[in-house]
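When we follow my numbering, the leftmost residue of the sequence shown carries the number 1, and every step to the right adds one.
For every residue, glycine included, the Cβ atom is placed at its ideal position computed from N, Cα and C.
Since the model is a prediction, treat every value here as computed from it, not as a measurement.
Worksheet: one structure, shown below.
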Amino acid sequence: MKASDSEFCLEGSEWLEGYPLGEGRRRKAAILLCIVWISVLVLHLSSLGSWLILGLTGLMGIHGLRLLGTVPCPPPTPLPIDAASEEYPFVSLVVAAKDEEAVIARLVETLCALDYPSTRYELWVVDDNSSDRTPTILAELAQRHPHLHWLRRGLGASGGKSGALNQVLPSLKGELIGVFDADAQVSPNLLRAVVPYFTPPEVGAVQVRKAIANTSTNFWTRGQSIEMIFDAFLHERRQSIGGMGELRGNGQFVRRAALERCGQWNEETITDDLDLTFRLHFDQWTIVSVMSPWVQEEGVTRAIGLWHQRNRWAEGGYQRYLDYWPLVLNNEFKLTKNLDFAMFSILQYILPTAVIPDTLISIWQGDLPVLIPLSGLTMGLSAVGMVAGLNRIRQQENQPFNPLSMIGQAILGTLYMSHWFVVVASVTTRMAIRPKRFNWVKTLHVGQAESSGS
1 MKASDSEFCL EGSEWLEGYP LGEGRRRKAA ILLCIVWISV LVLHLSSLGS WLILGLTGLM
61 GIHGLRLLGT VPCPPPTPLP IDAASEEYPF VSLVVAAKDE EAVIARLVET LCALDYPSTR
121 YELWVVDDNS SDRTPTILAE LAQRHPHLHW LRRGLGASGG KSGALNQVLP SLKGELIGVF
181 DADAQVSPNL LRAVVPYFTP PEVGAVQVRK AIANTSTNFW TRGQSIEMIF DAFLHERRQS
241 IGGMGELRGN GQFVRRAALE RCGQWNEETI TDDLDLTFRL HFDQWTIVSV MSPWVQEEGV
301 TRAIGLWHQR NRWAEGGYQR YLDYWPLVLN NEFKLTKNLD FAMFSILQYI LPTAVIPDTL
361 ISIWQGDLPV LIPLSGLTMG LSAVGMVAGL NRIRQQENQP FNPLSMIGQA ILGTLYMSHW
421 FVVVASVTTR MAIRPKRFNW VKTLHVGQAE SSGS
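What follows is the structure, encoded as structure tokens:
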């Protein structure tokens, strides 16, 4: 594997040098918001507007059916338990933790019990100046677990999670780096299953499926569980047809050589995973998204907490478009990635932003919203994708086939996912008006009981 890494050389690896990050986001957001509003107005006033939307809906429908119909490659064979330890790549597992006394011990115990040779992996926990018992717990755990190393950041440390990861990076020995949240729970065979995905030298990162541990708590956690299944299913298919796989933070594995070529983690963003996704693709690396294995995390149980979390996700995702738009327009992606990128950019960010002016102009003119076909396609493809994703999990776990249950869950998931329209419309408008911000409300982890991987 090391020989392959050294032989694999990509052109344009210096693309990031001198590139301005985080500059002028408010101005760019305002310009883009004006473009969206004006475009919607033109669609309403033009006699061809409805036909343009119908044509776009048809093209996206074809792409969506292609996604749903593709068959991903079978997963590679996991590494055997009894192989010689020197055959295993060295892996560094990293956790950035702040005030995580409720979950940090369980995480460390889990990651120190993986069925991977003990001499071929390490665990680092970066305590980001916690004010609770997190450092005390880590000190006690380090005495019992030789895998565990930890460091404490000072009060003035900057960069958030990205800063914590960058600070510990020089201490890491691994050629592969796995990043986890403090509430993560994984199966013992995680590393043996993930490492073989890095055999092709062009693979820069692997994202395992995120699963919700407290699924049965309420409507919000059930919705998140279905959302995560659909998200993993969708990105597995996107990557399979030459599109863009994406990182999701918790349970992401990155090839160290790819990370260093891409300038490490960006400290000028609030979603390091989404930003790194763009960097890896611009540098022509492949991101592999997999349905199995999985990493469990706690779902947000209250609407206000979900609102804060999704606003941060939407803002971080939007920041990367504002930061890297010249590279996008210069077609830095390959053709298949460009087509896939265009579709999901429209459906994830442009369409939700355009819904507000479309609704207002429709009320003013007394007409139907011009974007109804595109909105309907989005909801329809999401529902079908949820059913397909749920069926995939059913097959993996050898559960009985119950179509009514899967359809019911897809309906629940579709209703739940409608919040994304409100979140994105709010975020894109706020970013165009208010100055940029890097602070967010921390998601509280309380140590929910573990459930099944689905």
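State the Cα-Cα distance for the pair residue i and residue j, rounded to the nearest angstrom.
{"i": "Asp99", "j": "Val42", "result": "50 Å"}
{"i": "Pro135", "j": "Leu52", "result": "58 Å"}
{"i": "Leu306", "j": "Lys334", "result": "35 Å"}
{"i": "Ile304", "j": "Glu101", "result": "23 Å"}
{"i": "Leu339", "j": "Gly243", "result": "8 Å"}
{"i": "Val365", "j": "Thr359", "result": "It is worth fixing the name first, because residue 365 is Gln in this sequence and not Val. Cα to Cα, Gln365 sits roughly 10 Å from Thr359."}
{"i": "Asn250", "j": "Asp367", "result": "45 Å"}
{"i": "Ala410", "j": "Ile229", "result": "11 Å"}
{"i": "Gly24", "j": "Asp115", "result": "48 Å"}
{"i": "Ser382", "j": "Tyr318", "result": "21 Å"}
{"i": "Asn129", "j": "Gly163", "result": "12 Å"}
{"i": "Glu140", "j": "Leu165", "result": "22 Å"}
{"i": "Val288", "j": "Pro78", "result": "16 Å"}
{"i": "Thr269", "j": "Phe401", "result": "43 Å"}
{"i": "Thr428", "j": "Glu87", "result": "48 Å"}
{"i": "Arg434", "j": "Glu175", "result": "41 Å"}
{"i": "Trp220", "j": "Arg209", "result": "19 Å"}
{"i": "Leu259", "j": "His281", "result": "12 Å"}
{"i": "Glu298", "j": "Trp285", "result": "30 Å"}
{"i": "Gly263", "j": "Val254", "result": "13 Å"}
{"i": "Arg153", "j": "Gly159", "result": "11 Å"}
{"i": "Arg430", "j": "Arg310", "result": "14 Å"}
{"i": "Ile346", "j": "Thr57", "result": "11 Å"}
{"i": "Ser46", "j": "Ser39", "result": "10 Å"}
{"i": "Gly408", "j": "Met379", "result": "15 Å"}
{"i": "Gly55", "j": "Ile177", "result": "44 Å"}
{"i": "Ser375", "j": "Gly69", "result": "21 Å"}
{"i": "Ala182", "j": "Trp294", "result": "15 Å"}
{"i": "Ile363", "j": "His308", "result": "30 Å"}
Using DSSP with H/G/I as helix, E/B as strand and the rest coil, what is residue i?
{"i": "Gly58", "result": "helix"}
{"i": "Met457", "result": "An answer regarding residue 457 cannot be provided, because it is not within the stretch 1 to 454 covered by the chain."}
{"i": "Arg209", "result": "strand"}
{"i": "Val71", "result": "coil"}
{"i": "Leu41", "result": "helix"}
{"i": "Phe90", "result": "coil"}
{"i": "Tyr116", "result": "coil"}
{"i": "Ala157", "result": "coil"}
{"i": "Gly245", "result": "coil"}
{"i": "Leu415", "result": "helix"}
{"i": "Arg152", "result": "strand"}
{"i": "Val126", "result": "strand"}
{"i": "Ala97", "result": "strand"}
{"i": "Ser427", "result": "Here residue 427 is Val; the residue named in the question, Ser, does not match the sequence. Reduced to three states, the DSSP call for Val427 is helix."}
{"i": "Ile53", "result": "helix"}
{"i": "Val194", "result": "helix"}
Tell me which same chain residues have a C-beta within less than 8 Å of the C-beta of residue i, skipping the five on either side of it?
{"i": "Phe341", "result": "Gly243, Met244, Val328, Phe333"}
{"i": "Asn266", "result": "Leu21, Ser162, Asp272, Asp275, Leu276, Arg279"}
{"i": "Ala157", "result": "Asp128, Asn129, Gly163, Ala164, Gln167"}
{"i": "Ala425", "result": "Pro352, Thr353, Val355, Ile356"}
{"i": "Ile81", "result": "Asp115, Arg192"}
{"i": "Ile236", "result": "Note on identity: in this sequence residue 236 is Glu, with Ile being the wrong assignment. Hits under 8 Å: Pro72, Gly245, Ser289, Val290, Met291."}
{"i": "Glu202", "result": "Phe8, Gln284, Trp285, Thr286"}
{"i": "Thr336", "result": "Ile241, Gly242, Gly243"}
In chain order, what residues of the same chain have a beta carbon less than 6 Å from the beta carbon of residue i, not counting five sequence neighbours either side?
{"i": "Gly64", "result": "Leu381"}
{"i": "Gln296", "result": "Gln185, Ala211, Ala213"}
{"i": "Thr119", "result": "Ser85"}
{"i": "Ala432", "result": "Ala29, Ala30, Leu33"}
{"i": "Gln207", "result": "Leu247, Arg248, Gln252, Ser289"}
{"i": "Gly61", "result": "Leu377"}
{"i": "Trp37", "result": "Pro357"}
{"i": "Thr217", "result": "Thr301"}
Starting from the C-beta of residue i, find all residues in its chain whose C-beta is less than 7 Å away, skip the five residues before and the five after it, and write them out in chain order.
{"i": "Arg132", "result": "The sequence as given places Asp at residue 132; Arg does not occur at that position. The residues are Asp99, Glu101."}
{"i": "Val370", "result": "Leu43, His44, Gly49, Ser50, Ile53, Asp358"}
{"i": "Thr110", "result": "Gln185, Val186"}
{"i": "Leu138", "result": "Ile104, Val125, Asp127, Trp150"}
{"i": "Asn391", "result": "Met406"}
{"i": "Leu459", "result": "Summary: the structure shown does not reach residue 459, with the chain confined to residues 1 through 454, and so no result is reported for it."}
{"i": "His145", "result": "Val108, Cys112"}
{"i": "Phe233", "result": "Met291, Gly385, Ala388, Gly389, Arg392"}
Tell me whether residue i, by its Cβ, gets closer than 7 Å to a heavy atom of the ligand NAP.
{"i": "Phe219", "result": "For the ligand NAP, the structure offers nothing, since it holds no ligand at all."}
Can a CB atom of chain D be found closer than 8 Å to the CB of residue i?
{"i": "Arg209", "result": "No chain D is part of this structure, which consists of one protein chain only."}
Note to self: So, does the region 350-364 touch the region 421-431, judging by three or more C-beta pairs under 8 Å?
What the structure shows: yes
Margin query: Counting beta carbon pairs with one atom in the region 85-97 and one in the region 122-137, are three or more of them shorter than 8 Å?
Written below: yes
Check: Do the region 219-228 and the region 165-174 meet, that is, are 3 or more Cβ pairs less than 8 Å apart?
Finding: no
Checklist line | Unbroken stretches of the beta strand (DSSP E), 3 residues or longer, contained in the region 256-338 | finding: 286-297
Check: Can you give, in chain order, each stretch of the beta strand (DSSP E) that sits fully within the region 362-398 and has at least 3 residues?
Finding: none
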